[in-house]
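Trainee: Got a structure here, written out as structure tokens. Questions coming.
2 protein chains.
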Amino acid sequence: MRVPFETLHDVLTASLIKAGMAGDRARACARLFAEASRDGVASHGLNRFPRFLRMIANGVVDVAASPVRVAGAGALERWDGRQGPGNLNARDAMDGAIGLARRHGIGGVALANTNHWMRGGSYGWQAADAGVIGVCWTNTLANVPPWGAADPRVGNNPLVVAIPRRRGHVVLDMALSQFSVGALTAYAARGEALPVAGGYDAAGTLTDDAEAILASKRLLPVGFWKGSGLAFALDMIAASLSAGQATHEIALDPELETRLSQVFIAIDPRTLGADGDTDRIVDAAIAHLTAGEGAVRYPGARTLEIRARSLREGVEVDAAIWSEVQASAAG
Amino acid sequence: MRVPFETLHDVLTASLIKAGMAGDRARACARLFAEASRDGVASHGLNRFPRFLRMIANGVVDVAASPVRVAGAGALERWDGRQGPGNLNARDAMDGAIGLARRHGIGGVALANTNHWMRGGSYGWQAADAGVIGVCWTNTLANVPPWGAADPRVGNNPLVVAIPRRRGHVVLDMALSQFSVGALTAYAARGEALPVAGGYDAAGTLTDDAEAILASKRLLPVGFWKGSGLAFALDMIAASLSAGQATHEIALDPELETRLSQVFIAIDPRTLGADGDTDRIVDAAIAHLTAGEGAVRYPGARTLEIRARSLREGVEVDAAIWSEVQASAAG
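Those protein sequences? They're chains H and U, same order as listed.
Numbering-wise, the first sequence is residues 183 to 513 according to the working numbering.
Numbering-wise, the second sequence is residues 183 to 513 according to the working numbering.
Now the structure itself:
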């Protein structure tokens with residue numbers, strides 16, 4: 183079923199206010215959830231919302247906490263997320279990086295003690311909407327075996343890269359496992375086989391069975407040894423710059439997964455005095471990429487298609503979860 | 183066979199001086215080639231050197247050119263590489279980024295009109311040796327089909343991530359194809375099958391035959407659709423920030439591959455006033471990563487093992503190529 187975006191946004195806002203979040207923050211936090219569903223990422227939108235409420239109830243997420251700057255001068259800052267709502271913290275941190283990039287050309291914010299940022303792409307779209315290049319990543323609980331081992335020791339640490347463009351931003355949002363946990367959950371719910379192998383079953387065999395992979399917590403990194411190496415390196419930057427937790431220190435129970443470390447980098451091309459370069463260069467490259475044989479899309483194109491349909495026809499929602507969330511907002 | 187590192191360095195230096203490079207620059211350029219072989223990356227060390235000489239002879243590489251800053255204020259700069267030697271240009275650009283990071287916490291240099299940087303890891307080790315985090319990438323000629331197409335339209339754009347650590351830096355150096363062109367060439371030369379599928383043959387079938395993949399120029403991106411998306415996004419940042427060429431504009435003949443675009447980012451953790459964090463956090467994470475079942479290594483560990491053996495027993499060289507290069511330096 184489909185519901186109007188504003189209805190979805192209003193219901194999520196009301197639910198968060200009931201859960202104790204202040205009105206303006208509830209509206210902003212709900213918007214990030216609603217936008218994820220609007221853009222086709224329900225796994226980190228409406229479908230994730232009930233767990234978010236449980237993590238407010240179990241004390242993992244502090245609805246009243248905002249991040250504070252604890253160190254830094256110039257274009258690099260370290261922030262403490264104080265276990266506030268992960269999407270609000272990430273939005274604030276990317277805003278901080280954007281401000282630094284406007285002043286210095288490039289800026290970075292390392293954020294410790296935060297919660298799951300939900301849809302990572304949100305902060306890529308945010309940067310691109312502000313006219314700047316955005317690069318950000320988060321660590322996660324351990325769910326990927328490093329090359330040579332069978333047990334999960336690195337996270338699948340999603341990485342977001344965004345480039346602003348007047349005719350539609352380039353926004354890449356990718357977990358460093360072949361499939362994100364959200365994608366695996368969606369395949370498992372539909373009882374569908376993955377299009378390519380996505381991890382190992384409990385016996386250590388590569389499989390396209392999403393349920394078996396979620397149970398084993400042995401997700402295949404992108405590019406085998408390459409993805410687990412990149413995930414480890416990004417974890418080391420996030421944890422050391424923020425002085426926060428590394429993946430191996432994060433609780434393995436997803437409902438207790440907290441004190442994550444994240445990095446937000448923004449780059450303002452306008453400080454190079456050549457505003458038009460990005461559009462000219464990216465337009466030409468997209469024209470080349472999408473011409474000829476095959477149905478090739480640039481990163482971000484599909485999001486805009488889904489967003490347009492959601493705004494026209496309503497946002498697609500899972501009926502059972504929508505009922506549950508409506509109940510949480512009522513009375 | 184093995185030759186002492188200093189012998190290798192001296193012969194390469196002499197050859198470059200004969201090719202017209204000034205003495206101090208020849209020594210630095212030769213050192214980067216010799217270090218690549220010393221560290222186990224002969225594909226971008228000695229084995230690549232004869233082609234480098236041909237690209238000086240054919241006018242692609244200008245031995246006399248140095249990069250110049252063309253735009254930028256604050257922590258972000260745009261440089262023109264003027265088709266100088268790719269490894270010297272990259273070393274200078276990373277030096278520039280390191281200097282910016284020391285002053286601003288984070289710094290970036292975008293470099294246009296440069297040549298192949300040979301071993302990308304060199305600039306990661308350079309940053310880490312200077313005590314800073316380094317992230318850099320380059321675009322390449324098109325050698326990877328984007329998801330949904332059969333013909334190569336994106337590069338395999340190597341990405342380097344380095345974190346300084348007193349007991350051995352973490353340095354990741356990965357092409358965004360499952361195997362770099364250098365690795366494919368080495369497998370093909372040995373007549374060995376790849377350990378996992380590495381690309382498509384001319385008929386479009388996934389294969390572990392390195393020679394067939396080199397012939398088709400259809401390398402498999404890491405993580406299928408994910409790697410080609412990341413390669414495109416990194417290309418867009420490099421080309422737009424440097425105002426240089428994007429992959430689709432780069433000549434497809436490897437001996438004419440030039441005017442590449444690259445990005446160098448450095449981050450100085452000491453500007454956060456907490457010098458000890460990186461070592462404490464990375465040491466603990468490596469201890470966790472490498473403990474338990476399996477022979478897990480952190481990114482960079484193998485390089486240090488190979489380097490130690492090369493310095494002890496001599497650098498391993500291909501006898502035929504070594505003869506050829508010695509001849510180029512003689513007389």
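Glycine included, C-beta positions come from ideal geometry on N, C-alpha and C.
Every value quoted in this text rests on a predicted model; they were computed, and no experiment measured them.
For a test of the three-state rule: what should DSSP assign to G268/U, helix, strand or coil?
Mentor: Note: G268/U maps to helix in three-state DSSP.
Trainee: Closer than 7 Å by C-beta to Q508/U: which residues in its own chain qualify, once you throw out the five before and the five after it? Chain order, please.
Mentor: Around Q508/U: V193.
Trainee: List the whole-angstrom C-beta distance separating N321/U from A420/U, where the pair is believed to meet the contact cut-off of C-beta under 8 Å.
Mentor: 5 Å between Cβ atoms; contact.
Trainee: Name the chain H residues that come within less than 8 Å of F446/U, Cβ to Cβ?
Mentor: Those do not exist, as F446/U stays about 11 Å from chain H at its closest Cβ, beyond 8 Å.
Trainee: Report back the beta-carbon spacing between E475/H and D333/U to the nearest angstrom; my notes put them in contact at under 8 Å.
Mentor: With a Cβ gap of about 7 Å, E475/H and D333/U count as contacting.
Trainee: Got a sec: which bits of the region 188 to 220 of chain H sit with their beta carbon under 9 Å from any beta carbon on chain U, in order along the chain?
Mentor: Against chain U - using a Cβ distance shorter than 9 Å - the region 188 to 220 of chain H contributes no residues.
Trainee: Rounded to a whole number of angstroms, what is the C-alpha to C-alpha distance between A502/U and N229/U?
Mentor: Answer to the nearest angstrom: the Cα atoms are 10 Å apart.
Trainee: Where does D221/U fall in DSSP's three states?
Mentor: D221/U falls in the coil class under three-state DSSP.
Trainee: Along chain H, which residues have their Cβ under 9 Å away from the Cβ of Q360/U?
Mentor: Residues of chain H passing the Cβ test: G405, F406 and K408.
Trainee: Starting from S443/U, trace the beta strand (DSSP E) both ways and give me its first and last residue.
Mentor: Element bounds for S443/U: L442 to I449.
Trainee: Under the assumption that L258/H contacts S219/H (Cβ atoms under 8 Å), give the Cβ distance between them as a whole number of angstroms.
Mentor: Rounded, the Cβ-Cβ distance is 34 Å, inconsistent with contact.
Trainee: So which residues of chain H does H351/U contact, with C-beta pairs closer than 8 Å?
Mentor: Result: empty, since nearest Cβ-Cβ is about 10 Å, beyond 8 Å.
Trainee: Determine, using beta carbons only, whether D390/U and A375/U come nearer to each other than 7 Å.
Mentor: It is a contact, given that the beta carbons lie within the stated cut-off.
Trainee: Just the Cα atoms here: how many angstroms apart are R273/H and A279/U?
Mentor: Approximately 27 Å, taken between the alpha carbons.
Trainee: Just mark A413/U as buried or exposed, buried being the case when its beta carbon has 16 or more other beta carbons within 10 Å.
Mentor: Buried: at least 16 other Cβ atoms inside 10 Å.
Trainee: If I measure Cβ to Cβ from G254/U and keep anything under 6 Å in the same chain, skipping five residues before and after, which residues do I get?
Mentor: Hits under 6 Å: R260.
Trainee: Could you say which of A467/U, A428/U and L423/U lies nearest to G316/H if we only look at CA atoms?
Mentor: Comparing Cα-Cα distances from G316/H to each of A467/U, A428/U and L423/U, the minimum goes to L423/U.
Trainee: Mind listing, in chain order, the continuous alpha helix (DSSP H) runs of no fewer than 4 residues lying wholly within the region 239 to 303 of chain H?
Mentor: Runs found: 268 to 286.
Trainee: Quick one: does R335/H have its CB under 7 Å from some CB of chain U?
Mentor: Yes, its Cβ sits closer than 7 Å to a Cβ of chain U.
Trainee: What residues of chain U sit near H182/H, judged by a beta carbon separation below 8 Å?
Mentor: The displayed coordinates of chain H run from 183 to 513. Any statement about residue 182/H would go beyond what the structure contains.
Trainee: Tell whether a beta-carbon distance below 7 Å holds between A368/H and S225/H.
Mentor: It is a contact, given that the beta carbons lie within the stated cut-off.
Trainee: Between V185/U and the rest of its own chain, which residues show a CB-CB distance below 8 Å, the 5 nearest in sequence each way excluded?
Mentor: The answer, listed in chain order, is G496, V497, V499 and W504.
Trainee: Note down, in chain order, every chain H residue with its Cβ under 7 Å from the Cβ of S510/U.
Mentor: Near S510/U there are no residues of chain H at all, since even the closest Cβ is about 35 Å away, more than 7 Å.
Trainee: Would you call the CB atoms of P267/U and C318/U closer than 7 Å?
Mentor: Taking 7 Å as the Cβ cut-off, P267/U and C318/U do not qualify as a contacting pair.
Trainee: Using 8 Å as the threshold, is the region 461 to 480 of chain U in touch with the region 333 to 343 of chain U, meaning 3 or more CB pairs across them?
Mentor: In short, these stretches do not touch, since the Cβ pair count stays below three.
Trainee: If you run the structure through DSSP and keep just helix, strand and coil, what is R452/U?
Mentor: If DSSP states are grouped into helix, strand and coil, R452/U belongs with the helices.
Trainee: Between G256/H and the ligand PLP, is the CB less than 6 Å from at least one heavy atom?
Mentor: Among the components modelled here there is no ligand, and therefore nothing to report on the ligand PLP.
Trainee: Report buried or exposed for D435/U, applying the criterion of at least 16 other Cβ atoms within 10 angstroms of its Cβ.
Mentor: That one is exposed.
Trainee: Tell me the DSSP secondary structure of T387/H in three-state form.
Mentor: Note: T387/H maps to coil in three-state DSSP.
Trainee: Please confirm if H226/U has its CB atom under 7 Å from at least one CB of chain H.
Mentor: Taking Cβ atoms only, chain H never reaches closer than 7 Å to H226/U, which makes this a no.
Trainee: Please specify which runs of the alpha helix (DSSP H), each continuous and at least 4 residues long, are wholly inside the region 347 to 399 of chain H, giving them in chain order.
Mentor: Runs found: 363 to 372 and 392 to 398.
Trainee: Report yes if the CB atom of A309/U is closer than 7 Å to the CB atom of A448/U, and no otherwise.
Mentor: A contact, by the Cβ cut-off of 7 Å.
Trainee: Do W329/U and S398/U have their C-beta atoms within less than 7 Å of each other?
Mentor: Contact: no.
Trainee: Using a cut-off of 7 Å between C-beta atoms, extract the partners of A425/U located in chain H.
Mentor: By Cβ distance, chain H contributes A456 and D459.
Trainee: Report the neighbours of A332/H on chain U: residues whose CB is nearer than 8 Å to its CB, in chain order.
Mentor: Those within 8 Å of A332/H in chain U are E475 and G476.
Trainee: What does T181/U touch in chain H if you count any residue whose Cβ is under 8 Å from its own?
Mentor: What the structure shows of chain U is the stretch from 183 to 513, and residue 181/U is not part of that stretch, so it cannot be assessed.
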